[in-house]
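Structure first, commentary second.
Protein chains in written order, with our numbering: chain A, 2 to 238; chain B, 2 to 238.
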């Protein structure tokens, strides 16, 4: 990057985000709670969504039941087809199968924005805790596995229960969006902002994603103590 | 703990917090920005405060200039005297000197609540990042050094600039309070709630404090991008 380009980037209004209404969003792990929840809200917001699953038929069934009132009906497909036909792909898979799934889709995901929302967490009798990740975070692991993709971390803290609850019309929460590619983080911020009540806030570089993933353990501790669905708002932004 | 005690603790209303108005709060590193900021706001809220510093005279000078309109004027002392005469002690020292300072005060801090607000952070040309801590977090390091103290993590994310700004009457932020001793975390939550605009929210056990400390790097990234003093609010709590 030249000095002029760096200066232009630095001075760009961080609230000036691209139009993402024409993009198709794929959701790997789209039949799980988190994946279905995000897919449902995006579909209701008018975004074209493809649910991905190992089993295409299961994905199609989940898609057709997801959001009957959505302007564009979600479709379902096997994970590879989902990745291949989408412009942005959200990985909403369990931490256990994270590396394996992404390794198998490196070709389909090349050149695309891969949104990682995976939280490496463990549970014991004292509650929830963050698992240490060799690469620093799930998102950094994804970036290592997918050198030709544009990896962004986002949607870590959104409650699947609230996403799937038809009584909840607005999600009072900010989505922290992390990554090293400004155009990619801007795009994912815009995607988050499509969901009523949500904002997409730039949250730092990918090397600072580990603590954002791990913070989900704190939200789970709060949920237990306060019997709540705790979410985040960033003040003064 | 017996099963009955555990059940009583589990059912206790998390918003029912103790009265802390009669306690004296010591602030180690009380002449630094974060320490002075917290001390100032606590003094203005009517809490008796002692600033601690290596140099007693410097502490006294900082204390007398801190909050001329406070109901109870802050006092200053060397760190050991500050720790010995306070009921709750806040460690607001740089990460570099954290272990050394606490090791030297283990006697004075025995039996007391030690509030750790230290953020182990590094800076390079790409901005701010979290430093890996062998014990898991600064607060866990404090707990190892001070086995006879009741270590609580809190006040990590509060902007020193806002704390010290006389134009700012209310701090729109939630303070996450972490620890394994319920009475101690309740007490520190009550202390945070004395400051207008602040709430003290239970944020989990000490083993989940590392990501809360590290999250300060994300807030600093947001501050830079949005030219803001980003803070946290927890929704649905």
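Glycine residues also receive a C-beta, built at the ideal position from the N, C-alpha and C atoms.
Just so we're clear, the structure is a prediction, and the values are computed from it rather than from any experiment.
Nearest-angstrom Cα separation, counted from residue j out to residue i
i: residue 229/B; j: residue 238/A; result: 6 Å
i: residue 22/B; j: residue 193/A; result: 43 Å
i: residue 164/A; j: residue 133/B; result: 34 Å
i: residue 135/B; j: residue 216/A; result: 19 Å
i: residue 204/B; j: residue 212/A; result: 14 Å
i: residue 18/A; j: residue 59/B; result: 49 Å
i: residue 208/A; j: residue 15/A; result: 20 Å
i: residue 219/B; j: residue 221/A; result: 20 Å
i: residue 106/A; j: residue 91/A; result: 13 Å
i: residue 75/B; j: residue 182/B; result: 28 Å
i: residue 202/A; j: residue 127/B; result: 19 Å
i: residue 130/A; j: residue 214/A; result: 11 Å
i: residue 188/A; j: residue 38/B; result: 38 Å
i: residue 108/B; j: residue 51/B; result: 18 Å
i: residue 200/A; j: residue 172/A; result: 9 Å
i: residue 103/B; j: residue 184/B; result: 22 Å
i: residue 159/B; j: residue 227/B; result: 17 Å
i: residue 186/B; j: residue 86/A; result: 50 Å
i: residue 28/B; j: residue 225/B; result: 28 Å
i: residue 20/B; j: residue 61/B; result: 28 Å
i: residue 96/A; j: residue 170/B; result: 44 Å
i: residue 239/B; j: residue 231/A; result: Any answer about residue 239/B is impossible in this case: the structure gives chain B only from 2 up to 238.
i: residue 138/A; j: residue 113/A; result: 20 Å
i: residue 147/B; j: residue 147/A; result: 44 Å
i: residue 84/B; j: residue 236/B; result: 35 Å
i: residue 321/B; j: residue 206/B; result: Residue coverage of chain B in this structure runs from 2 to 238, which leaves residue 321/B outside it and unanswerable.
Identified DSSP bridge partners for residue i
i: residue 20/B; result: Answer by DSSP bridge pairing: none, since residue 20/B is not bridged.
i: residue 159/B; result: DSSP output for residue 159/B lists no bridge partner at all.
i: residue 129/A; result: 124/A
i: residue 199/B; result: 174/B
i: residue 25/B; result: 49/B
i: residue 152/B; result: 115/B
i: residue 54/B; result: 79/B
i: residue 232/A; result: 236/B
i: residue 147/A; result: Beta-bridge pairing links residue 147/A to no other residue.
i: residue 205/A; result: 179/A
Presumed contact (8 Å Cβ cut-off) between residue i and residue j, rounded CB distance
i: residue 79/B; j: residue 54/B; result: 7 Å
i: residue 40/A; j: residue 30/A; result: So it is not a contact: roughly 10 Å between Cβ atoms.
i: residue 175/A; j: residue 234/A; result: 5 Å
i: residue 178/B; j: residue 153/B; result: 6 Å
i: residue 47/A; j: residue 72/A; result: 5 Å
i: residue 26/B; j: residue 43/B; result: 6 Å
i: residue 142/B; j: residue 100/B; result: 6 Å
i: residue 156/A; j: residue 94/A; result: Contact doesn't hold; Cβ gap of about 13 Å is too wide.
i: residue 111/B; j: residue 150/B; result: 6 Å
i: residue 68/A; j: residue 77/A; result: Not quite, the Cβ-Cβ distance comes to about 12 Å (not below 8 Å), so this is no contact.
i: residue 210/B; j: residue 161/B; result: Actually they are not in contact, since the Cβ atoms of residue 210/B and residue 161/B sit about 20 Å apart, beyond 8 Å.
Contacts of residue i in chain A (Cβ-Cβ under 8 Å)
i: residue 123/B; result: None at all; the shortest Cβ gap to chain A is about 11 Å.
i: residue 128/B; result: 205 and 206
i: residue 192/B; result: Here the premise fails: no neighbours, minimum Cβ distance about 18 Å.
i: residue 177/B; result: 219
Contact list for residue i against chain E, beta-carbon separation under 9 Å
i: residue 165/B; result: The structure shown has no chain E; the protein chains it does contain are A and B.
Contacts that residue i makes with chain B (C-beta to C-beta distance below 7 Å)
i: residue 237/A; result: 229, 230, 231 and 232
i: residue 226/A; result: 15 and 203
i: residue 188/A; result: Neighbours of residue 188/A on chain B: none; closest Cβ ~16 Å, over 7 Å.
Residues that residue i contacts on chain A, provided the C-beta gap is smaller than 9 Å
i: residue 197/B; result: Ordered by position in chain A, no residue passes the 9 Å Cβ test against residue 197/B, which lies about 14 Å from the chain.
What residue ranges within the region 75–112 of chain B form continuous beta strand (DSSP E) runs of no fewer than 3 residues, ordered along the chain?
76–79 and 89–92
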